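Convert by adding 4 to the 1-based position in the sequence shown; the result is the number in the numbering used here.
Just below is one structure, and these are the notes that go with it.
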Amino acid sequence: MRTADPARSARHTEPSTRQTERPPSGTSRAPERSEGADFMKIEAAVEIDAPLEEVFRWTTEHVPEWSETVVREEIIERTPEGVGSRFRCICRERENGPETEFDGELVRHEPPHRATVVLRGRQFDLKVDYVFEPLGPARARVTQRTVVRGKTFAGRLLFAILGPLARRSSCRAAARELDRLKTFCERRTSQPYAASRPSESEDGNPRIE
């Protein structure tokens, strides 16, 4: 009977000690993904040269201005504490493409460190979690974790048929979104007076530039 080589077995069972490297300064981390029969998880991160509090506010309150996917948001109900606020989110994957409507709800609101929204659509539900970490007085890291779950037979079938394509597309989209957020925040930071100065819109009402 052939016996196993103990040294070889040890090499195969020894746990990995390799640590995940942080991205170089000012860059996005490559999205991570995992998936099941009816869901997909995507995680990406970016470091932004702007104060933590401002990054939180611009990320959560100005989504249509920096997002490539979100066309507009309409507030349905705003609660005093934030959590439980409901909104309608209109998304479009590509220019001149069809629009998709989601019913959104803010389920976690811990400024300036955490915010989570749930988006409910006809075929898919999404849970988007943002984590904000201070890296200094004027620098922050934003980590975006998204779970996409098929809720209908058609949605689950789409996962099964287009799974690899959907995953690659989602990873590219996550990286683009965070790069756009970084650019948006850093441009606003370079013009601090314009970013916080009240001005008047065409109808004479105050607005934030």
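By construction, the Cβ of each residue, glycine as well, lies at the ideal position given by its N, Cα and C atoms.
What you are looking at is a predicted structure, and each value in this text was computed from that prediction instead of being measured.
Secondary structure of residue i, DSSP reduced to three states
i: residue 58; result: helix
i: residue 194; result: helix
i: residue 138; result: strand
i: residue 25; result: Low confidence applies to residue 25: its pLDDT is 49, below 50, so where it sits in the model is not reliable enough to give any reading.
i: residue 45; result: strand
i: residue 104; result: strand
i: residue 183; result: helix
i: residue 87; result: coil
i: residue 92; result: strand
i: residue 176; result: helix
i: residue 147; result: strand
i: residue 64; result: helix
i: residue 69; result: helix
Through-space distance from residue j to residue i, alpha-carbon basis
i: residue 93; j: residue 74; result: 7 Å
i: residue 189; j: residue 134; result: 15 Å
i: residue 118; j: residue 183; result: 19 Å
i: residue 69; j: residue 186; result: 12 Å
i: residue 192; j: residue 63; result: 12 Å
i: residue 132; j: residue 151; result: 7 Å
i: residue 130; j: residue 194; result: 33 Å
Under 7 Å between C-beta atoms of residue i and residue j
i: residue 179; j: residue 48; result: yes
i: residue 121; j: residue 110; result: yes
i: residue 108; j: residue 123; result: yes
i: residue 52; j: residue 144; result: yes
i: residue 46; j: residue 174; result: yes
Close Cβ partners of residue i (< 6 Å) along its chain, the five nearest in sequence each way excluded
i: residue 116; result: 56, 57, 60 and 136
i: residue 147; result: 49 and 135
i: residue 90; result: 80, 81 and 109
Proximal residues to residue i (C-beta, below 8 Å), its chain only, five neighbours per side dropped
i: residue 87; result: 110, 111, 112 and 113
Proximal residues to residue i (C-beta, below 7 Å), its chain only, five neighbours per side dropped
i: residue 72; result: 180, 181 and 184
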